[in-house]
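Asker:
Numbering (my numbering), first residue to last: 1339 to 1721.
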């Protein structure tokens, strides 16, 4: 019999399920749609679903002696409470607006217009979007760390491996950190390559960013994506997180939705979606980021890229992946391989993580120990 994940009286699965119910509430969804927060809310729901799936798996391997798992669940608890606070605020605003606007033919939130929503949410909508993205990013990181722990614990459970297909991570183009350490040279190199119109026959080129997990591929892609020079050069920018679900129809649909900011019906077939994408990018110079690619299936890749060939010359696709084989299959440009951070940049990152607001120079013994530890971590941001 499995043991429920309970920390200090907190029932993890049931709490996450409650958050899922709130995030799926029609009134909250309509509110988010009117205020331009629908994509952020969708990503939050996806992260909660993945966390819930991981918790189901974690039940069979749970014990209070595993300090890593205990700490991760504590982090999850904090992030979940943040999500609850935000969802309750949105729920309150939605209910308040429904009461205020109940009248002749207004019986629910589905009659709200975007302009009306903007008036009553005001600047708080922007704050809500930022908070949604921050919480979603926290949940993604916790999910990834919990999967790593589950993988380590798998041999104790009959040798069965944790099913990585249960959950993937989801990223966005928004940087969650206000300060990024290092990667300046790599950023300039990638920007230079993106702004090169090229001389080949193809309308678009594919640039792979390759490196181990946690080395900073996604962060580098985010830095480049938000660079003003890149924004001025490309007519259209799209970010899609692929993860281990390389479904051509799903990805095509997400590319269209990101490009048009309009939801597409799940009933549309692949051919129709590709026609829509073709019309959207025709003669447009676009930048597409496909983050966290795992699939080595060349046929799927060719099908995904079929409509992209109608774009303007100079279009680019950035692919982040851990696998050099994938880079060789899909890349048309020489891959950029990311290693650990340089010593100076890594020390700045280490100081922030290890010492916080404490200046290690005021405690020389701490600085000596810290530099020794940092040296052994070989520049890995994840460490």
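Yeah, the Cβ is synthetic: ideal placement off N, Cα and C, and Gly gets one too.
Pull up the DSSP beta-bridge partners for residue 1629, would you.
Answerer: Partner(s): 1579.
Asker: Could you check the C-alpha separation between residue 1460 and residue 1467 for me, to the nearest Å?
Answerer: Because the pLDDT of residue 1460 is 43, which lies under 50, any placement of that residue in the model is unreliable, and the number read from its coordinates should be weighed accordingly. Each residue's alpha carbon lies about 12 Å from the other.
Asker: Please list the terminal residues of the continuous alpha helix (DSSP H) segment that includes residue 1672.
Answerer: Residue 1672 -> no alpha helix (DSSP H), and no H or E assigned at all.
Asker: With DSSP as the reference, label residue 1357 as helix, strand or coil.
Answerer: Here residue 1357 sits in helix by DSSP.
Asker: Among all the DSSP beta bridges, which residues are the ones paired with residue 1572?
Answerer: Bridge partners of residue 1572: none, in fact.
Asker: Counting C-beta neighbours from all protein chains within 10 Å, is the total for residue 1654 16 or more, i.e. buried, or is it exposed?
Answerer: It counts as buried.
Asker: Could you tell me whether the region 1601-1608 touches the region 1621-1637, where touching means 3 or more Cβ pairs closer than 8 Å?
Answerer: Not touching, per the Cβ criterion.
Asker: Note down the Cα distance separating residue 1669 from residue 1594, rounded to an integer number of angstroms.
Answerer: Each residue's alpha carbon lies about 22 Å from the other.
Asker: Mind reading off the beta-carbon distance from residue 1513 to residue 1379? Whole number of angstroms is fine, and I expect it under 8 Å.
Answerer: Contact doesn't hold; Cβ gap of about 20 Å is too wide.
Asker: Give me whichever residues DSSP pairs with residue 1654 in a beta bridge.
Answerer: DSSP output for residue 1654 lists 1543, 1625 as bridge partner(s).
Asker: Count the other C-beta atoms from every protein chain shown that fall within 10 angstroms of the C-beta of residue 1647, then say buried if there are 16 or more, exposed otherwise.
Answerer: It counts as exposed.
Asker: Going by DSSP in three states, residue 1405 sits in which element: helix, strand or coil?
Answerer: Note: residue 1405 maps to helix in three-state DSSP.
Asker: Please state the DSSP three-state secondary structure of residue 1590.
Answerer: Helix.
Asker: Report yes if the CB atom of residue 1357 is closer than 8 Å to the CB atom of residue 1386, and no otherwise.
Answerer: Cβ atoms of residue 1357 and residue 1386: closer than 8 Å.
Asker: Does DSSP put residue 1548 in a helix, in a strand, or in coil?
Answerer: Strand.
Asker: Beta carbon of residue 1588, beta carbon of residue 1554: below 8 Å?
Answerer: Not a contact, by the Cβ cut-off of 8 Å.
Asker: Would you grab the beta carbon distance between residue 1473 and residue 1424 for me? Rounded to a whole angstrom, and I think it's under 8 Å.
Answerer: Indeed they touch by this definition, with Cβ atoms about 7 Å apart.
Asker: How would you label residue 1666, buried or exposed, when you count the other beta carbons within 10 angstroms and need 16 or more for buried?
Answerer: The residue in question, residue 1666, is exposed, as its Cβ has fewer than 16 Cβ neighbours within 10 Å.
Asker: Flag this pair as yes or no: are the beta carbons of residue 1574 and residue 1559 separated by less than 8 Å?
Answerer: The answer is no: Cβ separation not under 8 Å.
Asker: Anyone know if the C-beta pair for residue 1649 and residue 1541 falls short of 8 Å?
Answerer: Contact: yes.
Asker: Look up residue 1659 in the DSSP assignment and say whether it is helix, strand or coil.
Answerer: Correct three-state label for residue 1659: strand.
Asker: Quick one: give me the first and last residue of the alpha helix (DSSP H) that residue 1370 is part of.
Answerer: Segment 1364-1372, the alpha helix (DSSP H) holding residue 1370.
Asker: Considering only residues of the same chain and omitting the five flanking positions on each side of residue 1453, which have a CB-CB separation below 8 Å?
Answerer: Caution applies to residue 1453, whose pLDDT of 43 falls short of 50 and renders its modelled position unreliable; the value that the coordinates give is listed next. So the list is empty, once near-sequence residues are dropped.
Asker: Should residue 1581 go down as buried or exposed, given a rule of 16 or more other Cβ atoms within 10 Å for buried?
Answerer: Classification of residue 1581: buried, given that the 10 Å Cβ count is 16 or more.
Asker: If you measure between the beta carbons of residue 1533 and residue 1671, is that distance less than 8 Å?
Answerer: No, they are not a contact pair.
Asker: Is it buried or exposed, residue 1551, if we count other Cβ atoms within 10 angstroms and call 16 or more buried?
Answerer: Burial call: exposed.
Asker: Just to check my reading of the structure: residue 1478 and residue 1508 have Cβ atoms closer than 8 Å, yes? What is that Cβ distance to the nearest angstrom?
Answerer: Between residue 1508 and residue 1478 the Cβ distance is about 6 Å, and since that is below 8 Å, they are a contact.
Asker: With distance defined between alpha-carbon atoms, name the residue in 1419, 1566, 1372 nearest to residue 1282.
Answerer: The question about residue 1282 has no answer here: the residues shown for the chain are numbered 1339 through 1721.
Asker: Grouping DSSP H, G and I as helix and E and B as strand, with all else coil, what is residue 1638?
Answerer: It is helical.
Asker: Using beta-carbon positions only, say whether residue 1383 and residue 1350 come within less than 8 Å of one another.
Answerer: Cβ distance not < 8 Å, so residue 1383 and residue 1350 don't count as in contact.
Asker: Using a Cβ-Cβ cutoff of less than 7 Å, which residues in the same chain neighbour residue 1664 once the five nearest sequence positions on both sides are dropped?
Answerer: Once the five neighbours on either side are set aside, the close Cβ partners of residue 1664 are 1631, 1634.
Asker: Output the boundary residues of the alpha helix (DSSP H) element that contains residue 1560.
Answerer: Counting along the chain, the alpha helix (DSSP H) containing residue 1560 begins and ends at 1555-1563.
Asker: Check whether the Cβ atoms of residue 1618 and residue 1644 sit closer than 8 Å, and answer yes or no.
Answerer: Contact flag unset, no.
Asker: For the alpha helix (DSSP H) that residue 1609 lies in, which residues bound it at each end?
Answerer: Here the alpha helix (DSSP H) through residue 1609 covers 1608-1619.
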